[in-house]
Each structure stands twice: as C-alpha cells, then as structure tokens.
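In what follows, a structure is listed as structure tokens, so that the remarks can point back to it.
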Amino acid sequence: MHIDLSGKTALITGASAGIGLAIARGLAQAGARVTLSARDAGRLNAAVAALQADGLQAQGIAADLATAAGCQALIAALPDTDILVNNLGIYGTQDFFAISDADWENFFQTNVMSGLRLSRHYAQGMKARGWGRIQFISSESAVNIPADMVHYGVSKSAVQGLSRGLAKVLAGSGVTVNTILPGPTRTEGVVGFMANLAREQGITVAEMEVRFFRENRPSSLIGRFATPEEVANLCVYAASPQASATTGAALRVEGGIVESIL
Numbered sequence: 001m002h003i004d005l006s007g008k009t010a011l012i013t014g015a016s017a018g019i020g021l022a023i024a025r026g027l028a029q030a031g032a033r034v035t036l037s038a039r040d041a042g043r044l045n046a047a048v049a050a051l052q053a054d055g056l057q058a059q060g061i062a063a064d065l066a067t068a069a070g071c072q073a074l075i076a077a078l079p080d081t082d083i084l085v086n087n088l089g090i091y092g093t094q095d096f097f098a099i100s101d102a103d104w105e106n107f108f109q110t111n112v113m114s115g116l117r118l119s120r121h122y123a124q125g126m127k128a129r130g131w132g133r134i135q136f137i138s139s140e141s142a143v144n145i146p147a148d149m150v151h152y153g154v155s156k157s158a159v160q161g162l163s164r165g166l167a168k169v170l171a172g173s174g175v176t177v178n179t180i181l182p183g184p185t186r187t188e189g190v191v192g193f194m195a196n197l198a199r200e201q202g203i204t205v206a207e208m209e210v211r212f213f214r215e216n217r218p219s220s221l222i223g224r225f226a227t228p229e230e231v232a233n234l235c236v237y238a239a240s241p242q243a244s245a246t247t248g249a250a251l252r253v254e255g256g257i258v259e260s261i262l
C-alpha cells in the first residue's frame, strides 16, 4: 500500500517530541505539509529543524493549547488544515483522594477541551471542502481506567465519546473522525520514568521494564513498550485516502493489553 498525502496539510498538537513528533514525521514522509504545535518554543523549533534537515515540509507554531486563548492564537495563525491530529495530552500518577478540582480541570482543559476547540473550528473547513481527517490520540487507559491515574483515564474516556459524537456530526461529509489508542510507548518521558524507578529499586532499566509489564500490564501480548513510530504508522494510515471507510472508530495500537475482542 502506497500512502500519498501530497498536497495535503496536517496539524499535529503536542508535537515537539514523542508520539506527536513521530506522527508529524510519518505524515510528512507521506508527502503532507505539516505544522507542529507545542507550548515550548525552543523544543518546537528543534523538532521542526530536525524534520526540515531531512527534507520534509514542516513549520511550527508555539501555543498553549490548554487554554481557549492559545487555541484561538493557533487558529489565527493557521486558519485551515486537511488533517488534524489532537495529540496534546498530559498524564501522571496521583492518589484519587488527592486529586483536587484544579487537577481535574487541568486534565480536562488539556486532554479534552484542546481537541474539542480545534476540531470545532477545523472540521468546518474540512466539511466545506468535502475531505478531511480528524484524529484524537487517546489511550488504552480510556478502557482500562488505572487506579493510580483515574483523572487521566476519565479524560481519555471523554475523548472517546467526543470523537464518536463528532464522527456522527460529520457523517457523509467526506471527513472521518477516529481515536487512536496507544498503550505503553517508549517516549522520552517513559524512558526517564523507567530509569528513575530502576534506580530507586536498585535494578537495571531492562529488569525494570520486565517487572513493569509483569506487575502493571500483565495482559500485554507484546510484553514491551511500543515505539512512537509504531503508533504513528496507524495514524498515517487513518489519515490516508485508503482509510475513507474508517470513521467513528477506536483504533488500537496498545499491544493487546485491552482484554476485549471488539
């Protein structure tokens, strides 16, 4: 299968590193002109420069998309796009009884409202043109709510509902809307997290990763962290013309962790 996105534009949020950057690279390699957005201008510029150094069409727009003002600033700088990947998200472990209202609000503004605001705007142009792709990067935690990250899991469940509802709103328009569900993925943050845990427990990082999957994700069928590129591969397909009949779906790339045949 040859995926050709030449002539298409794509916006990827939370794209200065990790899964977001891998998605941006994958879409650009397929021929799309990509715009990366992130809050940290320094890291964003470095990510854009890395793509440009490889001959890819990329630009960056720095904005704090956890706020309505930040979303509006991005929209003003980039009024239209053919492909929108709502990748921005935060996570973190916290005891349920210690999660404050402010914490809940922060997770919803970042993980849910950022994608809602951008989709509400960009979907209108896609619908008018009769073609578009909207993706929400969710998580297997939307299905398997973690006891130590209830606020995160609930925010990702909300993203699932938002994506399905928007797909219905755009039915028959030529615009598809899907969620992508990664599992544990070897991002920069995860690498650091594993290293810290290994140091605390006096074992090697490799031993820590084996222990993590044995104790925390025993249902994983691959028994390892996925790479950002493996997640991006599914995103690139879902953004392609070949995926025109895939909409309103939750597409899993979580290594088989979710105990469901659906």
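With the UniProt record's numbering applied, the sequence shown covers 1 to 262.
Heads up, the beta-carbon is just placed ideally off N, CA and C, and yes, glycines get one too.
> Quick one, are the C-beta atoms of Gln135 and Cys235 less than 8 Å apart?
Replying inline: Going by C-beta atoms, Gln135 is nearer than 8 Å to Cys235.
>> Tell me whether the region 180-195 and the region 219-234 touch, counting them as touching only if at least three CB pairs, one residue from each stretch, are closer than 8 Å.
In response: The answer is yes - the region 219-234 touches the region 180-195, with three or more Cβ pairs under 8 Å.
> The alpha helix (DSSP H) with Gly212 in it runs from where to where?
Replying inline: Just to set this straight, residue 212 is Phe in the shown sequence, not Gly. Val205 to Glu215 is the span of the alpha helix (DSSP H), which, as asked, contains Phe212.
> So, helix, strand or coil for Thr110, using DSSP?
Replying inline: Secondary structure at Thr110: helix, using DSSP grouped into helix, strand and coil.
>> What does the alpha-carbon distance come out to for the pair Ala15 and Ala68?
In response: Roughly 19 Å between the two C-alpha positions.
> Between Ala22 and Ala239, what straight-line distance do the alpha-carbon atoms span, to the nearest angstrom?
Replying inline: Counting only the Cα atoms, Ala239 lies some 14 Å from Ala22.
> Whole alpha helix (DSSP H) runs in the region 28-71 with 4 or more residues, listed along the chain?
Replying inline: Listed in chain order, they are 41-53.
> Cβ of Ala128 within 8 Å of Cβ of Ile83?
Replying inline: Cβ atoms of Ala128 and Ile83: not closer than 8 Å.
> Which class does Gly132 belong to by DSSP, given the choice of helix, strand or coil?
Replying inline: In the three-state DSSP reduction, Gly132 falls in the strand class (E or B).
> Between Gly20 and Leu262, what straight-line distance do the alpha-carbon atoms span, to the nearest angstrom?
Replying inline: Rounded to whole angstroms, Gly20 to Leu262 spans 26 Å at the Cα level.
> Rounded to a whole number of angstroms, what is the C-alpha to C-alpha distance between Leu197 and Ser220?
Replying inline: Note on geometry: alpha-carbon atoms of Leu197 and Ser220 lie some 20 Å from one another.
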